[in-house]
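Participant: Sequential numbering of the sequence shown, starting at 241, is according to the working numbering.
All C-beta atoms in this analysis are idealised placements derived from N, C-alpha and C, irrespective of residue type, glycine included.
All values reported here derive from a predicted model rather than from experimental measurement.
Got a structure here, written out as structure tokens. Questions coming.
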Amino acid sequence: MGADTRALRAGLGHHRGWGLLARSGPAVTGLPASVLDEAVERRRSMVRRRLSLDADLRALAGSLDAAGVAWVCMKGPVLAEVYERAGVGDVRFFSDLDLLVHPARFADALRACGAAGSGLLTRNFALLRAAVPGELALQARHGSVVDLHWSLVNRQSRRAATRIDTGELIDRAHRAVVAGSPVPVLQPEDALVHVCLHAAMSGGTRLSWLLDVTLTIADRTVDWRAVSARAVAWGVGPAVGLVLQRSRALLGATVPGHVVEGLVPQPWRLAQAVSVGRVVAARSDVRGAPARLALGAVRHRSSAAAAAAVAASAGRWVAMRPRPAFVQSAAHPGSTLHAAGDGADLTAYLSAVSRQVG
């Protein structure tokens with residue numbers, strides 16, 4: 241394998257494979273001892289962090305429930321339970337908590353989180369007012385980062401191209417055991433479509449996202465008719481279908497062919513087939529990935545010409561350079577961590593959120 245392990249480490253970081261390597265690394269022939277040692281140490285660190293995450297989730301749950309704010313736990317903690325049921329709970333780690341509330345109760349939820357010891361990490365109040373993002377970042381009492389969402393889609397331009405009703409998601413939610421306690425989680429078909437959508441919004445280039453999809457499908461019997469209907473109703477059918485197709489092609493997810501065909505126009509499927517090999521070699525999210533393009537083009541979902549153009553450029557996409565990752569930094573004016581604006585901007589943002597439909 242050679243002395244230079246930078247490419248290997250970059251791949252493990254991008255695909256979030258350190259936990260899996262810590263589990264199976266001793267059986268990998270030729271794996272440098274330094275890489276295995278790093279994987280084991282990373283897993284130990286994540287196990288320690290998990291204790292804080294679980295404690296913060298319990299505290300936030302109690303405070304939101306006490307305030308009468310309906311909420312839903314999403315992504316990391318819920319997926320960790322899926323992995324646990326699959327017998328690989330020691331490979332799926334998460335670094336933050338994602339909670340969803342109705343936009344009309346967002347300010348109430350923010351106060352409830354504050355009562356549980358959380359404080360705002362987002363400091364760019366001017367950006368909040370101008371961009372109206374679908375979430376705020378908090379830091380909980382034990383240090384966990386909490387993304388408090390009022391929408392599944394953070395960026396305003398993308399929300400305008402979708403039709404996802406947060407109120408309906410919360411109404412359909414049910415309680416499941418997460419971190420040892422029953423908490424509200426998304427209804428199974430909502431959860432599967434959301435996991436696919438989350439992957440698509442960054443191009444679906446991480447194997448860890450595709451494994452999330454694959455194990456979510458294997459976790460229970462899937463109502464594929466409901467999944468397809470939900471994806472179409474949300475306006476994200478092609479993007480969700482492409483992630484399902486990619487999960488089937490690379491990880492053997494049990495996705496019926498008719499589901500992909502029903503969600504994804506044939507030219508998009510061709511673009512996917514040409515580009516799917518790029519995923520394994522990816523070291524960062526890639527600009528122009530078919531799943532990301534499909535999401536960006538949902539407002540043109542009836543345009544065969546748009547899909548054909550993507551298919552025609554699939555070869556060029558394979559040769560494109562990775563998109564540099566945006567790093568949140570207090571020094572970057574475009575970052576939510578950058579201090580800008582004042583309390584009036586925050587109040588205006590919360591007022592705008594409260595007027596959002598669903």
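Could you name the residues of the same chain whose beta carbon sits closer than 6 angstroms to that of Ala580, not counting the 5 residues immediately before and after it, in chain order?
Facilitator: Closer than 6 angstroms at the Cβ level, and outside the excluded window around Ala580, lie Asn364, Ala366.
Participant: How would you label Asp463, buried or exposed, when you count the other beta carbons within 10 angstroms and need 16 or more for buried?
Facilitator: It is exposed - the Cβ of Asp463 has fewer than 16 other Cβ atoms within 10 Å.
Participant: If you check the beta carbons only, do Asp452 and Val433 fall under 7 angstroms apart?
Facilitator: For Asp452 and Val433, no; Cβs fall outside 7 angstroms.
Participant: For Leu586 and Ala377, I'd like the C-alpha separation in whole angstroms.
Facilitator: Going by the C-alpha atoms only, they are around 13 angstroms apart.
Participant: I'd like the list of long-range same chain contacts for Thr245, defined as Cβ closer than 6 angstroms, with 5 residues on each side in sequence excluded.
Facilitator: Cβ within range, chain order: Pro272, Val275.
Participant: Helix, strand or coil: how does DSSP classify Asp348 here?
Facilitator: Helix.
Participant: Have a look at Gly502 and Leu490 and give me their C-alpha separation to the nearest angstrom.
Facilitator: Approximately 20 angstroms between the Cα atoms of the pair.
Participant: Whose C-beta lies closer than 7 angstroms to the C-beta of Arg470 among residues of the same chain, with five residues either side of it excluded?
Facilitator: Answer for Arg470: Glu429, Asp430, Val433, listed in chain order.
Participant: Measuring CB atoms only, is the segment 280-300 touching the segment 396-415, in the sense that at least three cross pairs come out at less than 8 angstroms?
Facilitator: They do not touch, by the three-pair rule.
Participant: Using a threshold of 7 angstroms, state whether the C-beta atoms of Val372 and Ala592 are closer than that.
Facilitator: Contact flag set, yes.
Participant: For Ala552, count neighbouring Cβ atoms within 10 angstroms of its own Cβ and tell me buried if that reaches 16, exposed if not.
Facilitator: Note that Ala552 has pLDDT 49, beneath the 50 cutoff, so the model's placement of it is unreliable and the number below is only indicative. So Ala552 counts as exposed.
Participant: So, helix, strand or coil for Ser234, using DSSP?
Facilitator: The requested residue 234 does not occur in the structure, where the chain is confined to residues 241 to 598.
Participant: Tell me the DSSP secondary structure of Leu293 in three-state form.
Facilitator: Helix.
Participant: On the premise that Ala380 lies in contact with Ser303, defined as a C-beta separation below 8 angstroms, what is that separation, rounded to the nearest angstrom?
Facilitator: Not confirmed; about 10 angstroms, so no contact.
Participant: Measuring CB to CB, does Val418 end up less than 7 angstroms from Pro317?
Facilitator: A contact, by the Cβ cut-off of 7 angstroms.
Participant: Between Thr402 and Val280, what straight-line distance do the alpha-carbon atoms span, to the nearest angstrom?
Facilitator: Those two C-alpha atoms are separated by around 41 angstroms.
Participant: From this set, Val322, Val268, Arg345, Leu339, which residue's C-alpha is nearest Val597's C-alpha?
Facilitator: The option with the nearest alpha carbon to Val597 is Arg345.
Participant: Hey, which unbroken runs of the alpha helix (DSSP H) at 4 residues or more fall wholly within the segment 406-475?
Facilitator: You should have 406-412, 428-440, 447-459, 464-474.
Participant: Would Leu447 and His255 be called neighbours here (beta carbons separated by less than 7 angstroms)?
Facilitator: Cβ atoms of Leu447 and His255: closer than 7 angstroms.
Participant: Taking the straight line between their C-alpha atoms, what separation do you get for Ala347 and Gly374?
Facilitator: Going from the Cα of Ala347 to the Cα of Gly374 covers about 13 angstroms.
Participant: Where Val500 and Ala439 are concerned, what is the direct C-alpha to C-alpha distance, given to the nearest angstrom?
Facilitator: In a straight line, the C-alpha of Val500 is about 16 angstroms away from that of Ala439.
Participant: Helix, strand or coil for Gln596? Go by DSSP, reduced to three states.
Facilitator: In this structure, Gln596 counts as coil in the three-state DSSP scheme.
Participant: How long is the line joining the alpha carbons of Thr269 and Leu261, rounded to whole angstroms?
Facilitator: Their Cα atoms are separated by approximately 12 angstroms.
Participant: Using a Cβ-Cβ cutoff of less than 6 angstroms, which residues in the same chain neighbour Gly259 once the five nearest sequence positions on both sides are dropped?
Facilitator: Counting only Cβ-Cβ distances below 6 angstroms, and skipping sequence neighbours, we find Arg283, Val331, Phe333.
Participant: Could you tell me the boundaries of the beta strand (DSSP E) in which Leu388 lies?
Facilitator: Its beta strand (DSSP E) spans residues 385-389.
Participant: Using three-state DSSP, classify Val328 as helix, strand or coil.
Facilitator: Of the three classes helix, strand and coil, the one that applies to Val328 here is coil, per DSSP.
Participant: Quick one: give me the first and last residue of the alpha helix (DSSP H) that Ala250 is part of.
Facilitator: Segment 246-255, the alpha helix (DSSP H) holding Ala250.
Participant: Between the C-alpha atoms of Arg412 and Leu426, what's the straight-line distance to the nearest angstrom?
Facilitator: Cα-Cα distance, rounded: 7 angstroms.
Participant: Is the beta carbon of Ala301 sitting closer than 7 angstroms to the one on Val480?
Facilitator: In this structure, Val480 does not lie closer than 7 angstroms to Ala301 by Cβ.
Participant: Would DSSP call Ala493 helix, strand or coil?
Facilitator: Correct three-state label for Ala493: coil.
Participant: Assuming Leu340 contacts Val312 under a Cβ cut-off of 8 angstroms, what Cβ separation, rounded to an integer in Å, is found between them?
Facilitator: That belief holds up - the Cβ atoms of Leu340 and Val312 are roughly 4 angstroms apart, short of 8 angstroms.
Participant: Indicate whether Ala295 and His382 have their beta-carbon atoms separated by less than 7 angstroms.
Facilitator: Yes, these two residues count as a Cβ contact at 7 angstroms.
Participant: To the nearest angstrom, report how far apart Ala493 and Trp449 are at their CA atoms.
Facilitator: One C-alpha to the other measures close to 12 angstroms.
Participant: Can you tell me which of the three DSSP states Val499 falls into?
Facilitator: Here Val499 sits in helix by DSSP.
Participant: Compute the distance between the beta-carbons of Ala588 and Arg369, then report whether it is under 7 angstroms.
Facilitator: Contact flag set, yes.
Participant: Answer with buried or exposed for Asp277, where buried requires no fewer than 16 other C-beta atoms within 10 angstroms of its C-beta.
Facilitator: By the 10 Å Cβ count, Asp277 comes out exposed.
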